[in-house]
């Protein structure tokens with residue numbers, strides 16, 4: 217049995233690959249967005265929450281999804297995924313337990329929210345529930361829980377719990393913006409997996425929309441997110457922050473437009489390499505932008 221071996225053996229080379237720690241980088245913008253908009257920051261809790269979410273919770277979710285899918289073709293962050301073993305299951309279970317226990321160091325509320333996220337990520341992948349096999353339900357699960365819920369969870373950890381402030385008009389707008397950004401990226405991450413997903417009984421939102429529809433849908437969600445950002449920064453009288461965002465996103469918009477044009481001519485361009493390159497550019501740009509907002513709190517540059 218697996219428990220006869222030292223715990224460290226669960227984290228073998230293949231298991232670590234399936235945890236896809238680098239993939240957490242794609243979810244970092246939501247955490248940084250919450251950090252940039254929080255008035256009172258508890259830096260000890262902030263660092264701890266970052267480690268819990270990006271070193272334990274998100275990688276564990278990736279690993280559990282791999283354990284359930286057992287993909288042989290390319291998946292997010294892995295072009296050639298290695299064979300899945302029971303070590304991966306035990307590793308993700310241990311990481312979830314550690315995340316829940318560590319969450320109590322921040323607050324009971326945060327730990328309970330971590331539990332909700334873990335349960336929803338399991339329901340998303342677990343074969344007997346498998347929310348991901350339904351195009352709308354699967355999309356909404358990611359839209360809500362990787363966007364608005366992660367923003368709320370991060371805010372609860374970063375500052376003291378003030379429910380009136382956490383659910384204020386500004387905070388709700390930020391949560392919606394977070395979900396819209398996640399929602400605009402998510403279908404594009406599925407665009408190269410249409411046939412593989414279908415073979416596994418999964419009908420993704422990208423498959424239902426088609427190649428062109430996926431780009432149009434993602435573009436619309438991104439446009440709505442930008443409009444809400446304009447509203448939000450107008451309320452805060454920080455319009456210049458939106459101008460900086462638009463300028464920084466120009467390379468992303470250009471790269472996405474070029475990719476879209478190529479896919480319309482030949483669907484072979486909807487491949488793993490282009491998807492990962494697009495994700496990396498988008499995430500890097502947004503991470504840099506929200507870091508600038510965080511530094512601006514102390515430098516008052518704009």
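In the working numbering, the protein residues as written are 217 to 518. Just so you know, even glycine gets a beta-carbon here, dropped at the ideal spot from N, CA and C. Computed from a predicted model, the values in this text were never measured in an experiment.
> Which value, in whole angstroms, describes the spacing of the CA atoms of residue 276 and residue 351?
Replying inline: Distance between the alpha carbons of residue 276 and residue 351: 23 Å.
> Using DSSP with H/G/I as helix, E/B as strand and the rest coil, what is residue 413?
Replying inline: For residue 413, the secondary structure class from DSSP, reduced to helix, strand or coil, is helix.
> Closest by CA to residue 297, which one among 486, 380 and 229?
Replying inline: Measuring from the Cα of residue 297, the nearest candidate turns out to be 229.
> Looking at C-alpha atoms only, which residue of 442, 240, 489 and 337 is the closest neighbour of residue 353?
Replying inline: Nearest to residue 353 by C-alpha distance, out of 442, 240, 489 and 337, is 337.
>> On the CB-based measure, 16 or more other CB atoms within 10 Å of its CB, does residue 477 come out buried or exposed?
In response: By the C-beta density criterion, residue 477 is exposed, having fewer than 16 other C-beta atoms within 10 angstroms.
> Between which two residues does the alpha helix (DSSP H) containing residue 424 stretch?
Replying inline: Segment 421 to 451, the alpha helix (DSSP H) holding residue 424.
> If you compare alpha carbons, which of 454, 394 and 427 is closest to residue 502?
Replying inline: The shortest C-alpha separation from residue 502 is found at 394.
> The alpha helix (DSSP H) with residue 350 in it runs from where to where?
Replying inline: Element bounds for residue 350: n/a, residue is neither H nor E.
> Got a sec? Which residues, its chain only, sit under 6 Å from residue 370 by beta carbon, not counting five neighbours each side?
Replying inline: By the criterion of a C-beta distance shorter than 6 Å, residue 370 is surrounded in its chain by 247 and 250, once the five residues flanking it on both sides are discounted.
>> So, for residue 508: in the same chain, excluding its five sequence neighbours on each side, which residues have a beta-carbon less than 6 Å away from its beta-carbon?
In response: A distance below 6 Å between beta-carbons, with the five flanking residues on each side excluded, links residue 508 to no residue of its chain.
> Is the region 271 to 285 in contact with the region 381 to 395, if contact means three or more CB pairs nearer than 8 Å?
Replying inline: Verdict: no, contact absent.
>> What residue range does the alpha helix (DSSP H) around residue 303 cover?
In response: In this chain, the alpha helix (DSSP H) harbouring residue 303 covers 302 to 319.
> Any idea if residue 279 is buried or exposed, counting beta-carbon neighbours within 10 angstroms, 16 or more meaning buried?
Replying inline: Around the CB of residue 279, 16 or more other CB atoms lie within 10 Å, so the residue is classed as buried.
> Can you tell me where the alpha helix (DSSP H) with residue 337 in it begins and where it stops?
Replying inline: Unbroken alpha helix (DSSP H) run through residue 337: 324 to 341.
>> Please list the terminal residues of the continuous alpha helix (DSSP H) segment that includes residue 234.
In response: Annotation for residue 234: the continuous alpha helix (DSSP H) segment containing it runs 229 to 235.
> Quick one: Cα of residue 217 to Cα of residue 473, how far?
Replying inline: In this predicted model, residue 217 has a pLDDT of only 45, less than 50, meaning its place in the structure is not dependable enough to derive any value.
>> Tell me the residue span of the alpha helix (DSSP H) that contains residue 560.
In response: Lying outside 217 to 518, the shown extent of the chain, residue 560 is not represented and no answer is given.
> Can you tell me whether residue 469 is buried or exposed, with buried defined as 16 or more other CB within 10 angstroms of its CB?
Replying inline: Answer is exposed; the Cβ neighbour count stays below 16.
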